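Numbering (this note's numbering), first residue to last: 10 to 155.
Okay, here's the thing in structure tokens:
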């Protein structure tokens, strides 16, 4: 099943093109890594794939009923506790534990470090019924030892 099909898309900054005439199809089971220098348009492309941004040119088609989740570089969490942000069901608790966030389930999200907030946002996406998960620099700020 085709999840997202982009055809001849373009995005620009005032001083230069980020990408032009880019075409790509993502189907069920596909995995894609986007590698490039800072400022080269990776995040812009991922936002276009996720449907958060529109390209300046070209066509983006998503499969009927396709649900896309985006973990951006700076995720915004709703006010409340970690548990509120992720959900109350058993699967949410299990995912929080796997991500090392179980002990912080009752903490206010406003008190979390950047890495903790990123893990909570990831947990919230992992418990969602998504067809396509888009991760923009998912390991930045995870507060892990190198």
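Even for Gly, the Cβ is constructed at its ideal location relative to N, Cα and C. It should be emphasised that the depicted structure is a prediction, and the values quoted were computed from it without experimental measurement.
Residues near residue i in its chain [Cβ-Cβ closer than 6 Å; skip 5 each side]
| i | result |
| --- | --- |
| residue 29 | 19 |
| residue 111 | 105 |
| residue 13 | 35, 58, 71 |
Under the three-state DSSP convention, the category residue i falls into
| i | result |
| --- | --- |
| residue 130 | helix |
| residue 154 | Confidence in residue 154 is poor, its pLDDT being 48 and thus under 50, which makes the residue's placement too unreliable to answer from. |
| residue 117 | strand |
| residue 63 | coil |
| residue 146 | coil |
| residue 56 | helix |
| residue 73 | coil |
| residue 14 | strand |
Distance between residue j and residue i (C-alpha atoms, nearest Å)
| i | j | result |
| --- | --- | --- |
| residue 72 | residue 102 | 31 Å |
| residue 52 | residue 128 | 19 Å |
| residue 61 | residue 79 | 8 Å |
| residue 64 | residue 113 | 39 Å |
| residue 44 | residue 138 | 27 Å |
| residue 130 | residue 40 | 20 Å |
| residue 121 | residue 100 | 21 Å |
Top-ranked residue by Cα proximity to residue i, from the options
| i | options | result |
| --- | --- | --- |
| residue 133 | 97, 112, 121, 146 | 97 |
| residue 69 | 82, 21, 55 | 55 |
| residue 48 | 65, 135, 21 | 21 |
| residue 37 | 75, 113, 100, 136 | 75 |
| residue 142 | 42, 26, 24, 32 | 42 |
| residue 124 | 136, 139, 108, 135 | 108 |
Proximal residues to residue i (C-beta, below 8 Å), its chain only, five neighbours per side dropped
| i | result |
| --- | --- |
| residue 148 | none |
Cut-off 7 Å between Cβ atoms - residues of its own chain near residue i, not counting five sequence neighbours on either side
| i | result |
| --- | --- |
| residue 158 | What is shown of the chain runs 10 to 155, which leaves residue 158 out entirely. |
Quick check: the stretch 74-90 against the stretch 117-128, are at least 3 beta-carbon pairs closer than 8 Å? yes
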